[in-house]
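Below: one structure, written as structure tokens.
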Amino acid sequence: MEMAEPVISVVSAASSFLWLILLFGLVKALLKDQRVETLVDSDLQGNYNDDEVEQLIQVALLCTQGSPMGRPKMSEVVRMLKGDGLAERWKEWQKEEIVRQDLNNHNHHPTSNWIVADSSTLFAAEEDPEVHLGQLKRFSLGELQVATDGFSDKNIVGRGGFGKVYKGRLVDGSLVAVKRLKEERTRAGELQFQTEVKMVSMAVHRNLLRLRGICMTSTERLLVYPYMVNGSVASCLRDRPESQPPLDWQIRQRIALGAARGLAYLHDRCGPKIIHRDVKAANILLDEEFEAVVGDFGLAKFMDYKDTHVTTTVSGTIGHIAPECVSTGKSSEKTDVFGYGVMLLELITGQRAFDLAQRVNDDDVMLLGWLVGQADIAGMRNSNCIFQFSLEYLKCWSKLHLIEDPLSWKAITTAANDNGVVVKMCFTTCIIFKVKGLLKDQRMETLVDSDLQGNYNDDEVEQLIQVALLCTQGSPMKRPKMSEVVRMLKGDGLAERWKEWQEEEKFLLDLKNHNHHPTSNWIVADSCTVFAAEEYPVYLQQLKRFSLRELQVATDGLSDQNILGMGGFGTVYKGRLADGSLVAVKRLKKEHSWVLQFQTEIEMSSVAVHRNLLRLRGFCMTPTERLLVYPYMANGSLASCLRERHESQPPLDWQIRQRIALGAARGLAYLHDHCDPKIIHRDVKATNILLDEEFEAVVGDFGCAKLMNYRDTHVTTAVRGTIGHIAPEYILAGNCSQKTDVFAYGIMLLALVTGKGTFDLVRPANDDDVMLLDWVKGCLEDRRLETLVDSDLQGNYNDDEVEQLIQLALLCTQWSPMERPKMSEVFRMLEGNGLAERWKEWQKEEMFRQDYNNHNHHQASNWIVADSTSQIPADELSCPR
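Following UniProt numbering, the numbering of the sequence shown begins with 1 at its first residue and continues without gaps.
In structure tokens:
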């Protein structure tokens, strides 16, 4: 009896889970049969509205789906409870349920090792624990041999690097496609098999190919899929028999939408999300109703939701692989978006990528398809094959590497201009440039499949081409998500997105027109990532280009009355644009460093987009002017609010100061941990922490910022920053790292607590024996907080909270960069997580240091004095302000 209790608790935990599954099944059944009264609390005595009860049950079932990704967010639940979106969501859920039931109906061995679970993902017990087993039938080899007439060559419907696909008919009369992996049991073959089974267990959707079952023997691996009677989009476009009519325009539109829905489900509704990695017309299958079904998950990859990309060997099909995948091996959901965009062009034109290349062969675009067909690839490196894009600002030599198997193709086309500009690009770039030109000239008949014989709507074709071009942009960040593509295909948001894209294109052309040195570093390519030839790269994103006249009008002719600030960099003016919005216009001084300042700020704005980072609205560039346009910060900077506020303006209260500390930490943590490459600000101080109308902290002024590779621990540069905020290792050795920003953030925290500038803080600490941070530490140890805290607060603060903020400031300003916390840790400590433990460790180390100092006759303090840079000339320390 003594052993029974723990056993019972384990059994009851398992059985409670099973009871939950049974309960959800019962609720579903009662709802389906409209027997709501069986479910509703009898105490209500019928005083309820049947429709409202039904809706509430629907919400409950949506919330209790087995897959976390299938469940709505709580914000969506709130909207559904208010009557917004429930009907659509429920309808989607019912369709998915039908698919699940169909799977159950085909499972003839309920007691076999293929255990079926409604609300969980089970793993195989028999052979490989890495194979995810869902609602799948296990076929015997004999069954599939009978179904395919002994794997007869007459029944082959496809073949590739993976093996062959056979058409088959099962004993129940249903048609299937049997994928027989190559006989040699290679690691790649096993991975292919496991990947497809894994993906199917995660992805159940009407626009995704479902796996009916498998066969696994010691020598064979076979996958059984439903047979798609209408083949693939590729076969319908290019290999159809003469007796079969071409795909009409309405069907093509439906295919585009269905494929987008399927990919959006993989990206947004699976947990973890799935990247397909080989989206092309051959992998979009068509059922008997010509509904698009995304198939072939052999190259697919799981991706954690917190990841922005995964790095792998390049996989996919020539002409469909995104540029970033070719040049860096980085694969993300935006890689699929690129492949989808190319597939859309195939759907419109009826041609495959290589055929399209032949169609765009004119004086502007060299035929890359021809290059691929050449045997002497090595000999072509020194040939006169020049790619002259329609914008005529890239001239390159070509080099192309190919492997026979398209499933494991690796290619990098490296091009160089006369000054050695290295450009990474992909095969499809030529096609995209030409399509843009034809669309701009309204020559759509040149693009559209001649099989349609004019039976299409010009506006609809134009819209589909627009979607394709948005999907195939060079920068992954600029491409829409597949869920956005679905909405655009339904007519929601395409016009606005296209207008933004056109403005960007106009900007790129304007930039090229202002470039008097076509071989200089100001080279812009739409579908390529371009690296600097001479000095610095220019990263351009969705930025508006203002005319000088617009900004002169906005600032009353750059009037002195509108000056908000000035420094080494130039002058900042307040302005009002024609649309009424307020802006801050930074006018750079015309000196040797102004081009670097200008490029740096544009570069950072393209990499760093976050609510606690100042975003760049646009710029103006003329032969004599460089201006940067930012949103106007209604409450100025932290420094101005602390030390230059108007008498009528109340001081920053304690809660606002805490929020500012948290917001600034959040912004810096984003720069350090979430940008690629990461960014070191290098001039964190109260003046550069701006405050919006809600007093939310916004980190600004990226003029001194530095990009840093993730594998680097620091970069060595000339010292930049502001005296009193510069970390010791930066002053002594020029070593700059993210911990340099942490030091300056700690100094900024002291300014936030005390309301004083660094030099003002030095004065009360100024005697022969006490350095600034030692003095702060002493005040903290003696609980003399009133000596430290800003008198403007008039005692309206919490002593414990002040003490914690000072503790954090001291942790951030430690001498050794290694001992300082990362900004992400600072952020967590501000939220109350881990500060007590970290402070306790620091105190132990301090005791050790004091013991050491007591035995050391050289009483040199580790604590840097605020003006320790006074020996260094100011012009060497300050970057352009």
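Ideal Cβ positions, reconstructed from N, Cα and C, are used throughout, including at glycine. Bear in mind the structure is a predicted one, so any value in this text is a computation, not a measurement.
State the CB to CB distance for the pair D790 and T740, rounded to an integer number of angstroms; the pair is presumed to be in contact (CB under 8 Å).
-> Here residue 790 is taken as the residue at index 790 of the sequence shown, counted from 1. Here residue 740 is taken as the residue at index 740 of the sequence shown, counted from 1. Not confirmed; about 26 Å, so no contact.
For G163, the nearest candidate out of T813, F193, S42, C641 (CA to CA) | The residue you call residue 163 lines up with position 163 of the sequence shown. By alpha-carbon distance to G163, the top candidate from T813, F193, S42, C641 is F193.
Express the C-alpha separation of A634 and H646 in angstroms, rounding to a whole number.
-> As a first step, residue 646 must be located in the sequence shown, where it is residue number 646. As a first step, residue 634 must be located in the sequence shown, where it is residue number 634. When rounded, the distance between both Cα atoms is 14 Å.
Euclidean distance between Cα positions of E392 and G150 = Position 392 of the sequence shown, counted from the start, is the residue given in the question as residue 392. Position 150 of the sequence shown, counted from the start, is the residue given in the question as residue 150. Its pLDDT being 25, under 50, E392 is placed unreliably by the model, and the measurement read from it follows with that caveat. Each residue's Cα considered, the two are about 58 Å apart.
Output the boundary residues of the alpha helix (DSSP H) element that contains residue 883.
-> Because residue 883 is not part of the residues shown, which for the chain are 1 to 881, the question remains open.
Taking the C-alpha atoms as reference points, what is the distance between M748 and I660?
-> As a first step, residue 748 is located in the sequence shown; it is residue number 748 there, counting from the start. As a first step, residue 660 is located in the sequence shown; it is residue number 660 there, counting from the start. Rounded to the nearest angstrom, the two C-alpha atoms are 11 Å apart.
In angstroms with no decimal places, state the Cα-to-Cα distance between L785 and D701.
-> As a first step, residue 785 is located in the sequence shown; it is residue number 785 there, counting from the start. As a first step, residue 701 is located in the sequence shown; it is residue number 701 there, counting from the start. So the two alpha carbons sit approximately 32 Å from each other.
Buried versus exposed, by CB contacts within 10 Å (16 or more), N113 = For the purposes of this step, residue 113 is taken as residue 113 along the sequence shown, with counting starting at 1. At N113 the pLDDT is 29, less than 50, meaning the model places this residue with poor confidence and gives no usable figure here.
Exposure label - N833; buried when at least 16 CB within 10 Å | As a first step, residue 833 must be located in the sequence shown, where it is residue number 833. In the assembly as shown, N833 is an exposed residue. Its beta-carbon has fewer than 16 other beta-carbons within 10 Å.
Determine, using beta-carbon pairs with one atom in the region 226-243 and one in the region 285-295, whether at least three such pairs fall under 8 Å.
-> Contact annotation: the region 226-243 touches the region 285-295, with at least three C-beta pairs closer than 8 Å.
Proximal residues to D556 (C-beta, below 7 Å), its chain only, five neighbours per side dropped | The count along the sequence shown starts at 1 and reaches residue 556 at position 556. Counting only residues of its own chain and dropping the five nearest sequence neighbours on each side, D556 has a CB closer than 7 Å to the CB of N562.
Confirm, please, whether the CB-CB distance from P821 to V699 is below 9 Å.
-> Counting from 1 along the sequence shown, the entry for residue 699 is found at position 699. Counting from 1 along the sequence shown, the entry for residue 821 is found at position 821. Cβ distance not < 9 Å, so V699 and P821 don't count as in contact.
Continuous alpha helix (DSSP H) stretch holding K182: start and end = As a working mapping, residue 182 is identified with position 182 in the sequence shown. Element bounds for K182: n/a, residue is neither H nor E.
Secondary structure at P677, three-state DSSP: helix, strand or coil?
-> Start at 1 with the first residue of the sequence shown, and residue 677 comes out as number 677. Reduced to three states, the DSSP call for P677 is coil.
Mind checking which residues open and close the alpha helix (DSSP H) that includes L805?
-> Counting from one through the sequence shown, the residue named residue 805 turns up at place 805. It spans 799-812 - the alpha helix (DSSP H) in which L805 sits, taken as one unbroken run.
Along the chain, where does the beta strand (DSSP E) that runs through A697 open and close?
-> For the purposes of this step, residue 697 is identified with residue 697 of the sequence shown, where counting begins at 1. Element bounds for A697: 697-699.
Please work out which residues of its chain come closer than 7 Å, Cβ to Cβ, to Q463, disregarding the five sequence neighbours upstream and downstream, and give them in chain order.
-> Here residue 463 is taken as the residue at index 463 of the sequence shown, counted from 1. Beyond the five residues adjoining it in sequence on each side, Q463 comes within less than 7 Å, by CB distance, of L494 in the same chain, given in chain order.
From the DSSP output, in three-state form, read off K777 for me.
-> Numbered from 1 along the sequence shown, position 777 holds the residue referred to as residue 777. DSSP places K777 in the helix class (H, G or I) of the three-state scheme.
Measure the C-alpha to C-alpha separation of M477 and K334 and round it to an integer number of angstroms.
-> Within the sequence shown, the letter at position 477 stands for residue 477. Within the sequence shown, the letter at position 334 stands for residue 334. When rounded, the distance between both Cα atoms is 8 Å.
Within 10 angstroms of the Cβ of E324, are there 16 or more other Cβ atoms? Answer buried if so, exposed if not.
-> By one-based count along the sequence shown, residue 324 stands at place 324. With 16 or more other Cβ atoms within 10 Å, it is buried.
Span of the beta strand (DSSP E) holding R784?
-> In the sequence shown, the residue the question calls residue 784 occupies position 784. Neither: R784 is in no beta strand (DSSP E) and is coded neither H nor E.
Residue interval of the alpha helix (DSSP H) (run including residue 884) = Since the displayed the chain opens at 1 and closes at 881, residue 884 lies outside it and no answer follows.
Could you name the residues of the same chain whose beta carbon sits closer than 6 Å to that of C236, not counting the 5 residues immediately before and after it, in chain order?
-> For the purposes of this step, residue 236 is taken as residue 236 along the sequence shown, with counting starting at 1. Only L247 meet the Cβ criterion.
For my contact list, S547 and C471 are in at a C-beta cut-off of 8 Å; report their separation, rounded to the angstrom.
-> Locating residue 547 in the sequence shown gives position 547, counting from the first residue. Locating residue 471 in the sequence shown gives position 471, counting from the first residue. Contact check for S547 and C471: beta-carbon distance about 31 Å, past the 8 Å limit, so the pair fails to qualify.
Excluding the 5 residues preceding and the 5 following E729 in the sequence, name in chain order all residues of the same chain whose CB lies nearer than 7 Å to its CB.
-> Here residue 729 is taken as the residue at index 729 of the sequence shown, counted from 1. Here the set comprises N735, P817.
Can you list, in chain order, the stretches of the beta strand (DSSP E) that have 3 or more residues and sit fully within the region 543-578?
-> Counting only runs of 3 or more residues that sit fully inside the region 543-578, the beta strand (DSSP E) segments are 563-567, 570-576, in chain order.
Between H205 and W90, what straight-line distance do the alpha-carbon atoms span, to the nearest angstrom?
-> Within the sequence shown, the letter at position 205 stands for residue 205. Within the sequence shown, the letter at position 90 stands for residue 90. So the two alpha carbons sit approximately 14 Å from each other.
Mapping DSSP to helix, strand and coil, what is L470?
-> Here the question's residue 470 lines up with position 470 in the sequence shown. Annotated three-state conformation of L470 is helix, per DSSP.
Please list, in chain order, all residues of the same chain as R449 whose beta carbon is under 8 Å from its beta carbon, the five residues on each side excluded.
-> Position 449 of the sequence shown, counted from the start, is the residue given in the question as residue 449. It is worth fixing the name first, because residue 449 is Asp in this sequence and not Arg. Only L237, P246, I348, T349, G350, Q351 meet the Cβ criterion.
Inter-residue spacing [alpha-carbon to alpha-carbon] between Q145 and S218 | Working through the sequence shown from its first residue, we reach residue 145 at position 145. Working through the sequence shown from its first residue, we reach residue 218 at position 218. Rounded to whole angstroms, the gap between the alpha carbons of Q145 and S218 is 16 Å.
How many whole angstroms separate the CB atoms of K544 and R497, which I take to be in contact at a CB cut-off of 8 Å?
-> For the purposes of this step, residue 544 is taken as residue 544 along the sequence shown, with counting starting at 1. For the purposes of this step, residue 497 is taken as residue 497 along the sequence shown, with counting starting at 1. Not a contact, Cβ separation roughly 15 Å.
Are the beta-carbon atoms of L810 and G746 separated by less than 9 Å?
-> Residue numbering aside, residue 810 sits at position 810 when the sequence shown is read from its first letter. Residue numbering aside, residue 746 sits at position 746 when the sequence shown is read from its first letter. Less than 9 Å divides the Cβ of L810 from the Cβ of G746.
What's the gap between the Cα of L793 and the Cα of D653?
-> Against the sequence shown, residue 793 aligns to sequence position 793. Against the sequence shown, residue 653 aligns to sequence position 653. Taking the straight line joining both Cα atoms gives about 6 Å.
Are the Cβ atoms of V684 and L668 separated by less than 9 Å?
-> Numbered from 1 along the sequence shown, position 684 holds the residue referred to as residue 684. Numbered from 1 along the sequence shown, position 668 holds the residue referred to as residue 668. Contact flag set, yes.
Take V171 and list the residues in its own chain whose beta-carbon comes closer than 6 Å to its own, dropping the five residues that flank it on each side.
-> The residue you call residue 171 lines up with position 171 of the sequence shown. Excluding positions up to five away in sequence, the list is empty.
Drop a sphere of 10 angstroms on the beta-carbon of A87, count the other beta-carbons inside from all chains shown, and report buried for 16 or more, exposed for fewer.
-> The residue given as residue 87 occupies position 87 in the sequence shown. Exposed: under 16 other Cβ atoms inside 10 Å.
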